[in-house]
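**Student:** Can you read through this structure? Questions will come right after.
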Amino acid sequence: MWRWLHPYAKPEATYRLNKKLLPWFAIPGVVILTIGMIWGLAFAPPDYQQGESYRIIFVHVPSAFWAMGFYMGMAIAALSAVVWQIRTAEWAILAIAPVGAVLTLISLFTGAVWGKPMWGTWWEWDARLTAQLILFFLYLGVMALYAAFEDERTGAKAAGILALIGVINIPIIHYSVYWWNTLHQQSTITQAITRFEKPSMAPEMLWPLLVSILGFLLVSSALVILRLNNEILKREVRRPWAQTLLLKENR
Amino acid sequence: MYFDSFSAFIHMGGYGVYVWSSMFVTFFGLGALALEASWARRKITQEARAQQARAERIQRAKSASTQQQSGQPS
Amino acid sequence: MASELSVGSQVRALMRREFRVAMRQRSDLMNPILFLLVVVTLFPLGVGPEPATLARIAPGVIWVSALLSALLGLERLFRDDFSDGALEQMLLMPMAVEWAVLAKIIMHWLLTAVPLLILAPLLALLLNLPKEAWGTLWLSLLLGTPVLSSVGAIGVALTVSLNKGGALLSLLLLPLLIPLLIFATAAVETAATGLSPAGPLALMAAITVLALVLSPYAVHAALRVSVN
Amino acid sequence: MTSLLEAKGIRSIRGERTLFNQLDLCVKTGELWQVQGPNGAGKSSFLRIVAGLLPAQAGEVRFRGELIQTIRSQYHSNLLFIGHKAAVKPELTAIENLEYYAAIQGQPLTAAPYELLERVGLVGLEDIPAQRLSAGQQRRIALARLWLSSANLWILDEPFTSLDVSGIAMLHERFSWQLARGGSVLLTSHQPLDNIPVQVNMLNLEYQH
């Protein structure tokens with residue numbers, strides 16, 4: 001498998017591959033996400049307890065899910081960068097981190113907004129939201145560490161190591177935060193969501209949710225690909241292939 | 001369609017503000033990422049142009065200095 | 001004979017350069033703010049998330065964290081200028097050095113306090129500060145941060161030639177900033193109980209004016225010692 | 001020729017050691033002075049005292065017959081001091097650095113900055129952050145201020161450090177320009193100024209134990 005992947009470790013080949021892949025993520029992504037949103041917002045039935053407010057789930061759960069998922073993706077990229085010294089993987093760390101951070105931010109905001117009608121306050125130190133907030137800090141740490149280095153390659157390696165440490169830490173953080181939370185109170189939003197996550201969730205709600213999750217994955221991946229290509233061009237701007245490619249673009 | 005009317009859809013049973021602000025922030029966030037990417041791309045193109053301009057300036061300076069030397073022999 | 005240069009144009013040139021340099025090191029500006037956010041998050045995790053407890057400690061937590069995070073970013077006021085020689089050049093500008101110092105303090109305030117003021121409502125939200133106190137918290141930060149920048153500038157000017165700023169700087173500055181902390185938290189707490197915070201806020205305003213007027217002279221004197 | 005800068009009876013003590021005592025110097029218009037001496041003799045300290053950055057333990061410095069402390073603003077607008085730290089902001093490009101110095105020297109960068117930078121040998125490096133340039137190139141950015149300056153007095157601490165042969169020749173040429181228009185130059189240098197087309201006056205500092 002690695003032998004097959006190897007040519008794509010060459011920046012130019014990766015760039016061209018990405019360029020070919022981009023529409024396959026972006027177009028279906030936007031279509032599926034739109035379908036998911038319309039389905040969830042307009043056609044799914046309301047929840048018998050929370051009424052219409054539960055519809056936030058169609059953006060909250062996908063963003064929260066992929067915030068974590070992209071962190072895992074970033075950690076895999078980091079592992080390839082640190083162990084196999086694949087340069088494209090180094091750049092992938094930097095491409096994924098901001099997308100993941102924005103997804104985390106979206107999930108934090110929507111979680112808080114969902115909590116407002118339930119608790120009457122905008123922010124509650126709920127286990128799920130707190131863990132998500134810490135995940136946000138982990139993302140920020142990776143980005144800040146990279147930005148702190150003058151040399152981009154060293155910065156990417158350091159950020160990769162930090163991402164790996166973070167991924168080991170995430171289960172511990174989760175466990176400790178949930179434990180901390182049960183010490184103090186019951187977490188309502190966690191209950192609210194776990195109620196939906198049970199297999200008993202009505203299929204009319206489950207299906208649009210799954211579609212939204214897929215839409216989020218495709219759109220976010222398209223964004224990662226866009227950023228990855230930017231990272232490649234940024235490093236290769238002195239190379240002839242990138243020069244000719246960039247100079248051809250109109251102003 | 002679950003809702004009876006468009007206004008009911010906007011109203012969301014009293015939760016309109018929450019649902020729609022969530023939607024707005026979500027798509028604002030994703031849109032901002034896309035915009036940032038295209039903005040970064042433009043910056044890279046500018047950098048490539050600046051690079052080309054630098055090369056041209058060096059070339060011009062070089063040819064100017066060789067002309068000067070050939071113009072004033074000895 | 002060099003043409004006469006107005007103070008205004010020199011100040012403008014200096015602030016323009018400060019801003020440009022800061023924009024090239026944006027992470028230096030962001031990190032203290034993110035540090036503040038993380039520190040504020042630690043308190044609910046440490047003392048528990050009960051809203052009443054959090055509301056009780058919120059003014060103190062926010063202000064102490066703001067002080068600590070401000071200390072982190074202070075050094076950039078003069079540290080780089082000292083090591084690359086720009087500080088000497090600043091002392092050789094035709095205008096009074098106090099104007100240059102004031103320009104640097106104002107620029108530092110704009111670059112550090114404005115993000116803090118934007119973040120402040122979020123911090124108040126996280127710590128469940130009563131709604132009545134939000135405006136006062138914001139006002140106290142608006143009045144207090146110029147003091148952080150100007151008194152901080154004195155501390156940085158004194159320690160800039162030593163290669164061990166950090167802890168020493170905090171040791172020098174934190175005692176000087178205690179009055180600020182007392183009045184600021186008092187203002188926010190009185191506002192939270194529904195009373196008028198005008199008293200402590202007026203005292204803070206007085207401190208701010210005093211600090212802004214006097215610190216350029218102190219900084220100038222300290223810089224003269226440091227460039228020796 | 002009138003005296004532009006006059007230092008009388010300057011004494012400097014650093015730590016326990018007296019660097020120099022009773023030092024006199026009189027720079028007239030159109031003169032170039034080189035302060036020479038071994039490491040630690042106090043060349044830089046002397047220049048900094050003369051520039052008004054450092055107080056002297058004794059003695060006085062006069063600019064056009066007036067104490068520099070009393071006419072500080074006027075003195076500093078007629079002085080260009082470049083220390084051994086180049087005062088080039090590493091985050092900014094050569095052009096941005098020059099823009100700043102042009103503005104505070106009262107000479108907005110009207111003359112094409114690219115031409116100026118070409119003259120100091122920085123062609124093709126104008127819009128790159130200075131931190132990516134070599135020490136000699138950063139030095140050249142700082143020295144480009146000599147082309148922006150209308151100051152009568154230039155005080156330069158080791159201007160030739162990390163410059164190559166062409167850079168040194170370029171500086172020599174600029175010094176003759178400054179002297180020819182009635183300005184003065186005071187500088188320190190380890191090496192003797194060979195091949196300089198103007199007369200060099202020497203001030204020798206001894207190492208005092």
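Protein chains in written order, with my numbering: chain A, 1 to 251; chain B, 1 to 74; chain C, 1 to 228; chain D, 1 to 209. Don't be surprised by glycine CBs; every beta carbon is placed ideally from N, CA and C.
1. Using only the alpha-carbon positions, how far apart do D:Arg48 and D:Ile13 sit?
2. So what does DSSP say about D:Asn201, is it helix, strand or coil?
3. Residue range of the alpha helix (DSSP H) that C:Gly60 falls in?
4. Using the three-state DSSP reduction, which class does D:Ser189 fall into: helix, strand or coil?
5. Which same chain residues end up closer than 6 Å to D:Val120 when comparing Cβ atoms and leaving out the 5 residues on each side of it in sequence?
6. By Cβ distance below 6 Å, which residues in the same chain neighbour C:Ile105 in space, the five residues on each side in sequence not counted?
7. D:Val27 touches chain C at which residues, Cβ-Cβ below 9 Å?
8. State the DSSP-derived secondary structure class of C:Gln10, mapped to helix, strand or coil.
9. Near A:Gln243, what residues of its chain come up, given a Cβ to Cβ distance below 8 Å and the 5 sequence neighbours on each side ignored?
10. What in chain A is Cβ-close to B:Gly13, meaning under 9 Å?
11. I'd like the span of the alpha helix (DSSP H) that includes A:Val59, first residue to last.
12. Counting only the same chain and skipping the five closest in sequence on each side, list residues whose C-beta sits under 8 Å from that of C:Thr41.
13. Here's the rule I'm using: 16 or more other beta-carbon atoms within 10 Å means buried, otherwise exposed. How should C:Pro216 be labelled?
14. In the DSSP assignment, find the unbroken beta strand (DSSP E) run with D:Asn21 in it and report its ends.
15. Please report whether the beta-carbon of C:Gly73 lies at a distance below 9 Å from any beta-carbon of chain D.
16. Measuring alpha carbon to alpha carbon, tell me which of A:Tyr178, A:Trp123 and A:Gln132 ends up nearest C:Leu129.
17. Under 8 Å: do the segment 12-25 of chain B and the segment 212-219 of chain A share three or more Cβ pairs, one atom per stretch?
18. Beta-carbon of B:Arg49 versus every beta-carbon of chain A: anything under 9 Å?
19. Among D:His84, D:Glu66 and D:Asn201, which has the Cα closest to the Cα of D:Val215?
20. To which residues of the same chain is D:Glu158 closer than 6 Å at the C-beta, ignoring the five residues directly before and after it?
21. Taking the alpha-carbon positions, what's the A:Val59 to A:Tyr48 distance?
22. Quick one: complete alpha helix (DSSP H) runs, 4+ long, within the segment 115-155 of chain D?
23. Name the residues in the segment 123-152 of chain A whose C-beta lies less than 7 Å from a C-beta of chain C; which are they?
24. Is B:Ser65 near the ligand GTP, going by C-beta to nearest heavy atom under 8 Å?
25. Tell me, please, which residues DSSP counts as bridged to D:Lys8.
26. If you run the structure through DSSP and keep just helix, strand and coil, what is D:Ser184?
27. Name the two residues that bound the continuous alpha helix (DSSP H) containing D:Phe81.
28. Under a three-way DSSP split, which group does A:Glu124 fall into?
29. State the start and end residues of the unbroken beta strand (DSSP E) segment that holds D:Trp33.
30. With a cut-off of 9 Å, does the C-beta of B:Ile58 fall near any C-beta of chain D?
31. Helix, strand or coil: which one does DSSP assign to D:Thr93?
**Tutor:** In brief:
1. The residue you call residue 48 of chain D lines up with position 48 of the fourth sequence. The residue you call residue 13 of chain D lines up with position 13 of the fourth sequence. Each residue's Cα considered, the two are about 13 Å apart.
2. Here residue 201 of chain D refers to the residue found at position 201 of the fourth sequence. Of the three classes helix, strand and coil, the one that applies to D:Asn201 here is strand, per DSSP.
3. The residue you call residue 60 of chain C lines up with position 60 of the third sequence. Unbroken alpha helix (DSSP H) run through C:Gly60: Pro51 to Leu74.
4. What you label residue 189 of chain D is simply residue 189 of the fourth sequence in a count that begins at 1. Of the three classes helix, strand and coil, the one that applies to D:Ser189 here is coil, per DSSP.
5. Here residue 120 of chain D is taken as the residue at index 120 of the fourth sequence, counted from 1. For D:Val120, where only same-chain residues beyond five positions count, the Cβ hits under 6 Å are Arg140 and Ala144.
6. Your numbering for residue 105 of chain C matches position 105 in the third sequence. Answer for C:Ile105: Ser149, Ser150 and Ala153, listed in chain order.
7. Working through the fourth sequence from its first residue, we reach residue 27 of chain D at position 27. Chain C residues near D:Val27: none, gap ~17 Å exceeds 9 Å.
8. Counting from one through the third sequence, the residue named residue 10 of chain C turns up at place 10. In the structure shown, C:Gln10 sits in a helix (DSSP, three-state: H, G or I).
9. Residue 243 of chain A sits at position 243 when you count from the first residue of the first sequence. Excluding residues within five positions, the ones whose Cβ falls inside 8 Å are Val237.
10. Working through the second sequence from its first residue, we reach residue 13 of chain B at position 13. Going along chain A in sequence order, the residues near B:Gly13 (Cβ under 9 Å) are Pro46, Gly51, Glu52 and Ser53.
11. Within the first sequence, numbered from 1, the residue matching residue 59 of chain A stands at position 59. Per DSSP, A:Val59 belongs to the alpha helix (DSSP H) from Ile57 to Trp84.
12. By one-based count along the third sequence, residue 41 of chain C stands at place 41. The residues are Leu126.
13. Within the third sequence, numbered from 1, the residue matching residue 216 of chain C stands at position 216. Buried, since its Cβ has 16 or more Cβ neighbours within 10 Å.
14. Walking along the fourth sequence from the start, residue 21 of chain D turns up at place 21. Looking at the DSSP string, the run of the beta strand (DSSP E) that includes D:Asn21 is Arg17 to Lys28.
15. Mapped onto the third sequence, residue 73 of chain C falls at position 73. Judged by the 9 Å Cβ criterion, C:Gly73 is not in contact with chain D.
16. As a first step, residue 129 of chain C is located in the third sequence; it is residue number 129 there, counting from the start. Ranking the options by Cα distance to C:Leu129, first place goes to A:Trp123.
17. no
18. The residue labelled residue 49 of chain B in the question sits at position 49 within the second sequence. Yes - at least one Cβ of chain A is within 9 Å of the one on B:Arg49.
19. With chain D covering only 1 through 209, there is no way to say anything about residue 215 of chain D.
20. For the purposes of this step, residue 158 of chain D is taken as residue 158 along the fourth sequence, with counting starting at 1. Once the five neighbours on either side are set aside, the close Cβ partners of D:Glu158 are His84 and Thr188.
21. Position 59 of the first sequence holds residue 59 of chain A. Position 48 of the first sequence holds residue 48 of chain A. Each residue's Cα considered, the two are about 19 Å apart.
22. 135-143
23. Trp123, Trp125, Leu133, Phe137, Leu140, Ala144, Ala147 and Ala148
24. With respect to small molecules bound, the structure shown includes none, and the ligand GTP cannot be examined in it.
25. Position 8 of the fourth sequence, counted from the first residue, corresponds to residue 8 of chain D. Beta-bridge pairing links D:Lys8 to D:Glu60.
26. For the purposes of this step, residue 184 of chain D is identified with residue 184 of the fourth sequence, where counting begins at 1. Three-state result, D:Ser184: strand.
27. The count along the fourth sequence starts at 1 and reaches residue 81 of chain D at position 81. That residue, D:Phe81, is in no alpha helix (DSSP H); its beta strand (DSSP E) goes Leu79 to Ile82.
28. The residue you call residue 124 of chain A lines up with position 124 of the first sequence. It is coil, neither helix nor strand.
29. Translated into positions along the fourth sequence, residue 33 of chain D becomes position 33. Looking at the DSSP string, the run of the beta strand (DSSP E) that includes D:Trp33 is Leu32 to Gln36.
30. Position 58 of the second sequence, counted from the first residue, corresponds to residue 58 of chain B. Taking Cβ atoms only, chain D reaches closer than 9 Å to B:Ile58, which makes this a yes.
31. Position 93 of the fourth sequence, counted from the first residue, corresponds to residue 93 of chain D. Three-state DSSP puts D:Thr93 in a strand.
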